[in-house]
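Asks:
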Amino acid sequence: MSVETLEKLPRNYPRVFIPTDLEVRGFEDVKPYFDKLLAGDVETVDALELWLRNLSEIGSVIGEVGTRIHIRSTVDTTNVEYKKDFMNWVENIEPKLKPVYQELNKKFAASPARAALDKDYYGIFERSVTTQLELFRDENIPLETEVSKLTNTYDEIMGGITVEFDGKEFTPQRMAKFQLEPDRALRERAWRATAERRLLEKDNLNELYEKQIRVREQIAANAGFDNFRDYQFKAFERFDYTPADCDKYAEAVESVVLPAVKRQQDRRRSAMGLENLRPWDLGVDPQGRPPLKPFEEVAKLKQGCSTIFHSVDDQLGSQFDTMQQLGLLDLDNRKGKAPGGYQSTLDEVRLPFIFMNAVGMDSDVRTLLHEGGHAFHAFAAASQKLAGYRSAPMEFSEVASMAMELLG
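For the sequence shown, the tail end lands on 671 under the numbering used here, and the numbers increase by one without skipping.
#1: Quick one: measure Cβ to Cβ for Ile281 and Glu320, integer angstroms, because I've assumed they're closer than 8 Å.
#2: At which residues does the alpha helix (DSSP H) containing Ile420 begin and terminate?
#3: With DSSP run on the structure shown, which of helix, strand or coil describes Lys511?
#4: Decide if the segment 401 to 418 is in contact with the segment 573 to 589; the criterion is three or more beta carbon pairs, one per stretch, under 8 Å apart.
#5: Please identify the residue among Thr414, Tyr652, Glu402 whose C-alpha is closest to the C-alpha of Phe388.
#6: Mapping the DSSP letters down to three states, classify Met619 as helix, strand or coil.
#7: Name the residue from Lys271, Leu301, Val305, Gly322 whose alpha carbon lies nearest to the alpha carbon of Val279.
#8: Any contact of the segment 464 to 478 with the segment 417 to 435, i.e. 3+ C-beta pairs under 8 Å?
#9: Have a look at Gln528, Val305, Ala644, Arg479 and flag the residue whose alpha-carbon is nearest the alpha-carbon of Leu545.
#10: Determine the closest residue to Gly326 out of Asn342, Ala484, Val353, with distance taken between C-alpha atoms.
#11: Could you tell me the boundaries of the alpha helix (DSSP H) in which Leu537 lies?
#12: Kindly indicate which residue of Gly671, Ala650, Ala644, Asn620 has the alpha-carbon position closest to the one of Ala439.
#13: Sorted by chain position, which residues of the same chain lie with C-beta nearer than 8 Å to Val612's C-beta, five sequence neighbours on each side aside?
#14: If I'm right that Glu444 touches Val547 with Cβ under 8 Å, what's the distance once you round it to whole angstroms?
#15: Quick one: what's got a C-beta closer than 7 Å to Asp595's C-beta in the same chain, skipping five residues either side?
#16: How many Å lie between Leu564 and Arg437 at the Cα?
#17: Could you tell me the distance, in whole angstroms, from the CA atom of Leu609 to the CA atom of Asp446?
#18: Should Trp314 and Asp304 be called a contact, given that it needs their Cβ atoms to be closer than 9 Å?
#19: Based on DSSP bridge pairs, tell me the residues matched to Gln606.
#20: Could you pull the DSSP bridge partners for Val426 from this structure?
#21: Around the Cβ of Asp577, are there at least 16 other Cβ atoms within 10 angstroms (buried) or fewer (exposed)?
#22: Quick one: what's Asp593 bridged to in DSSP?
#23: Look at the alpha carbon of Phe428 and the alpha carbon of Ala456, and state the distance between them as a whole number of angstroms.
Take a look at the structure:
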């Protein structure tokens, strides 16, 4: 994928409220249209539904600007221009958007036509708006900006880490391949080399972590919560279970899953003929077999996963092929790339983008299957008229992704 690819995507969902030729780079470009919404008619059901469609359109347009900026900031954390764009977004655009959305939420909540909306369709949306209204605080806007900047700094630190090993330079992701090798001494040397390099960032990462805690605790306090956990539960709109339910689940994991993991590790230790397992013994095949090498080039990973998706369902395979053709896959690991993997949806064009750090391991295949599941969810929801319905809560999002891991 090249960043230029993002500028050449097909627009299958034409604008209606905002001029087609309007190039949106920041808040000022869309402010006149937000003003129109703030002054708009919401007196009847028809007027309110049109207003909501227009709100979804403007939200998708400006939201995609932010998504593109985020993608660029992760595909190359060393790019000065991408960093500049990211900082401009979090410092100058997002802070202007948040109070406007709060006023729009108030307008929706006060609409006399709201009570006549179809509750089967709009009920979840209404609940979400109510939650946003309850949580919003002006004083949290700069704190949320700080959270975004701290997160970006973390990506820069982790994306810049390389490890010198046996005379060569490796990213931490490529160092992980050594943990699959049968040679135990090699695994230990590789593990220690990576750990020692990461330890060099200990002070920086600890400082970031402590700052994140302080800022998030203040966000929660400003919103009237005793702790960030309770605040975030509401912010994530977790209405169907409570922190107490999570505590019960953790207790069940401790009593049932943890003993099973210990038994599994005992079997591994016995099979490997070891007195004790060390961190470098946990990924290798316990029978000493060489690691699986499903691909060496990312092109083969794409080809193989396309075949898998087509074998599950041709529609899914075709959607994945569309992503390939449009350049919506950035899969290879490289220096300066942010760690991890994600699927992000470009809201206006309603197309998914997949980011990961493939190095040729078996787990990379499962990662792409997983992110592919998220992408298929985005394709399936693309026709929803409300932008908020084109994604799902975190818990349900994982249904599609984990299903693809299992089906694949």
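Don't be surprised by glycine CBs; every beta carbon is placed ideally from N, CA and C. Since we're looking at a predicted model, the values are computed, not measured.
Replies: This is what the structure gives:
#1: Taking the sequence shown and counting its residues from 1, the one referred to as residue 281 is at position 18. Taking the sequence shown and counting its residues from 1, the one referred to as residue 320 is at position 57. Right, their Cβ atoms sit about 6 Å apart.
#2: To locate residue 420, count along the sequence shown from 1; it is residue 157. From DSSP, the alpha helix (DSSP H) with Ile420 extends over 404 to 422.
#3: Position 248 of the sequence shown holds residue 511. Helix, per DSSP.
#4: no
#5: Sequence index remark: in the sequence shown, residue 388 carries index 125 (1-based). The closest CA to that of Phe388, considering only Thr414, Tyr652, Glu402, is found on Tyr652.
#6: Here the question's residue 619 lines up with position 356 in the sequence shown. Secondary structure at Met619: strand, using DSSP grouped into helix, strand and coil.
#7: If you number the sequence shown from 1, residue 279 lands on position 16. Here the closest residue by C-alpha is Gly322.
#8: yes
#9: Numbered from 1 along the sequence shown, position 282 holds the residue referred to as residue 545. Comparing Cα-Cα distances from Leu545 to each of Gln528, Val305, Ala644, Arg479, the minimum goes to Gln528.
#10: By 1-based counting over the sequence shown, the position of residue 326 is 63. Of the candidates Asn342, Ala484, Val353, the one whose C-alpha sits nearest the C-alpha of Gly326 is Val353.
#11: Position 274 of the sequence shown, counting from 1, holds the residue named residue 537. Neither: Leu537 is in no alpha helix (DSSP H) and is coded neither H nor E.
#12: On the sequence shown, residue 439 is found 176 positions in, with the first residue counted as 1. Of the residues Gly671, Ala650, Ala644, Asn620, the one whose Cα lies closest to the Cα of Ala439 is Asn620.
#13: What you label residue 612 is simply residue 349 of the sequence shown in a count that begins at 1. If we look at Val612 and ignore the five residues flanking it on each side, its Cβ neighbours are Leu272, Pro273, Arg274, Asn275, Tyr276, Glu327.
#14: Counted from its first residue, the sequence shown places residue 444 at position 181. Counted from its first residue, the sequence shown places residue 547 at position 284. Yes, Glu444 and Val547 are in contact; Cβ-Cβ is about 7 Å, under 8 Å.
#15: Counted from its first residue, the sequence shown places residue 595 at position 332. Once the five neighbours on either side are set aside, the close Cβ partners of Asp595 are Val561, Ala621.
#16: Working through the sequence shown from its first residue, we reach residue 564 at position 301. Working through the sequence shown from its first residue, we reach residue 437 at position 174. Rounded to the nearest angstrom, the two C-alpha atoms are 16 Å apart.
#17: Sequence index remark: in the sequence shown, residue 609 carries index 346 (1-based). Sequence index remark: in the sequence shown, residue 446 carries index 183 (1-based). Cα to Cα, Leu609 sits roughly 44 Å from Asp446.
#18: As a position in the sequence shown, residue 314 is number 51, starting the count at 1. As a position in the sequence shown, residue 304 is number 41, starting the count at 1. The Cβ atoms of Trp314 and Asp304 lie closer than 9 Å to each other.
#19: To locate residue 606, count along the sequence shown from 1; it is residue 343. DSSP lists Ile617 as partners of Gln606.
#20: In the sequence shown, residue 426 corresponds to position 163, counting from 1. Val426 pairs with Phe433.
#21: The residue labelled residue 577 in the question sits at position 314 within the sequence shown. With fewer than 16 Cβ atoms within 10 Å of its Cβ, Asp577 is classed as exposed.
#22: In the sequence shown, residue 593 corresponds to position 330, counting from 1. The partner list for Asp593 (beta bridge, DSSP) reads Phe618.
#23: The residue given as residue 428 occupies position 165 in the sequence shown. The residue given as residue 456 occupies position 193 in the sequence shown. If you take the alpha carbons of Phe428 and Ala456, they lie about 7 Å apart.
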